[in-house]
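A.B. asks: Quick one: the structure is below, and I'll ask about it shortly.
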Amino acid sequence: MSSKQVKDVHEAVADIASGSSLAVGGFGLCGIPDALIEALAESGVDNLEVYSNNCGVDGVGLGVLLGLGRIRRVTASYVGENKEFARQYLSGELEVELTPQGTLAERLRAGGAGIPAFYTPAGVGTPVADGGLPWRYAADGSVAIASPPKETREFDGRRYVLETGIRADYALVHAAVGDTQGNLVFDKTAMNFNPLAGMAGRVTIAQVERLVQPGELDPESIHLPGVFVQRIVETGPQDVRIEKRTVRDDAGVNA
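Everything in the sequence shown is counted per the working numbering, starting at 1217 for the first residue and increasing by one.
Dropping the structure here:
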């Protein structure tokens, strides 16, 4: 089997075109495919649709693309750490679909597993199921696009809402170790949404801190099999930023 390794991040994202949809791993700033995002920003593509737990922070992670005005639509479960995100959303520049975090995770997994839709109790009896969530605002602050109502159904006396699986044109993920066949190992909490995003991409691109040869990884330790990964690039150790740093004074009280 031929190697899936590409020489650098620019080659890895070279065919991602404007208007593409992206499933992006990471949670906050943990486990984000930062090098791939930076390469994508340098490529100049825009009008992107993004599926990710959040949109990074201002100037970091997906916040880079957001700050450049390259993202058209975001499906996420948390958006509270990015002021530019809030500004674009409230001014009508950005379309946003908020979804429960577990639902987003399952939508990504379902898409990767070939499951078109599934029922979940999360969101029943709320605007998530009933519709009316503002996806996009108009410049005057009115709601330009609202979420539609979703199908609900009763199973064993409890109501569930139908959610669709996610398939993206591309997926960008970060892993600690990978081999040239695309098998990936994630490090602790940096696993987060990465395997799920990786499953959901029609073309999945992985940046890894360390690249090894086939057979060097214990098969039992692989978190995402190479069948889901089309390209892999070695980027070296990641410079991890902390979103909110808290310290303790000498009395042991948080400062």
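Just so it is clear, CB atoms sit at the ideal spot from N, CA and C, and this is done for glycine as well.
In this structure, does DSSP put R1375 in helix, strand or coil?
C.D. replies: Start at 1 with the first residue of the sequence shown, and residue 1375 comes out as number 159. Reduced to three states, the DSSP call for R1375 is strand.
A.B. asks: Excluding the five sequence neighbours on either side, which residues of its own chain have a C-beta within less than 7 Å of the C-beta of R1325, listed in chain order?
C.D. replies: Against the sequence shown, residue 1325 aligns to sequence position 109. For R1325, where only same-chain residues beyond five positions count, the Cβ hits under 7 Å are L1412, M1415.
A.B. asks: Tell me which same chain residues have a C-beta within less than 7 Å of the C-beta of A1362, skipping the five on either side of it?
C.D. replies: The sequence position of residue 1362 within the sequence shown is 146, counting from 1. Counting only Cβ-Cβ distances below 7 Å, and skipping sequence neighbours, we find G1347, G1348, L1349, P1350, W1351.
A.B. asks: Which residue wins for smallest C-alpha separation from Y1353, given the options A1406, A1239, A1384, L1306?
C.D. replies: In the sequence shown, counting from the first residue as 1, residue 1353 sits at position 137. Minimum Cα distance to Y1353 is reached at L1306.
A.B. asks: In the DSSP assignment, find the unbroken alpha helix (DSSP H) run with P1279 in it and report its ends.
C.D. replies: Counting from 1 along the sequence shown, the entry for residue 1279 is found at position 63. Here the sequence assigns Gly to residue 1279, which means Pro is not the residue at that position. Run containing G1279: 1278 to 1283, per the alpha helix (DSSP H) assignment.
A.B. asks: Helix, strand or coil for A1302? Go by DSSP, reduced to three states.
C.D. replies: Numbered from its first residue, the sequence shown carries residue 1302 at position 86. Here A1302 sits in helix by DSSP.
A.B. asks: Please classify M1407: is it buried, with 16 or more other beta-carbons within 10 angstroms of its beta-carbon, or exposed?
C.D. replies: Residue numbering aside, residue 1407 sits at position 191 when the sequence shown is read from its first letter. It counts as buried.
A.B. asks: Check for me: the beta strand (DSSP E) holding E1265 runs from which residue to which?
C.D. replies: Residue numbering aside, residue 1265 sits at position 49 when the sequence shown is read from its first letter. 1264 to 1267 is the span of the beta strand (DSSP E), which, as asked, contains E1265.
A.B. asks: Assuming V1424 contacts D1385 under a Cβ cut-off of 8 Å, what Cβ separation, rounded to an integer in Å, is found between them?
C.D. replies: Within the sequence shown, numbered from 1, the residue matching residue 1424 stands at position 208. Within the sequence shown, numbered from 1, the residue matching residue 1385 stands at position 169. Actually they do not touch by this definition, with Cβ atoms about 21 Å apart.
A.B. asks: If you draw a straight line from the alpha carbon of E1227 to that of S1259, how long is it in whole angstroms?
C.D. replies: Residue numbering aside, residue 1227 sits at position 11 when the sequence shown is read from its first letter. Residue numbering aside, residue 1259 sits at position 43 when the sequence shown is read from its first letter. One C-alpha to the other measures close to 10 Å.
A.B. asks: Where do the N-terminal and C-terminal ends of the alpha helix (DSSP H) with G1414 fall, by residue?
C.D. replies: Taking the first residue of the sequence shown as position 1, residue 1414 is located at position 198. G1414 -> alpha helix (DSSP H) spans 1410 to 1416.
A.B. asks: What did DSSP end up calling F1401 once you bin it into helix, strand or coil?
C.D. replies: Here the question's residue 1401 lines up with position 185 in the sequence shown. For the sequence presented, residue 1401 should be read as Val rather than Phe. Strand at V1401.
A.B. asks: Using the beta-carbon count (16 or more within 10 Å), is G1327 buried or exposed?
C.D. replies: On the sequence shown, residue 1327 is found 111 positions in, with the first residue counted as 1. Classification of G1327: buried, given that the 10 Å Cβ count is 16 or more.
A.B. asks: In this structure, how does DSSP classify D1224 when only helix, strand and coil are distinguished?
C.D. replies: The residue given as residue 1224 occupies position 8 in the sequence shown. Looking at D1224 - three-state DSSP - the assignment turns out to be coil, as it is neither helix nor strand.
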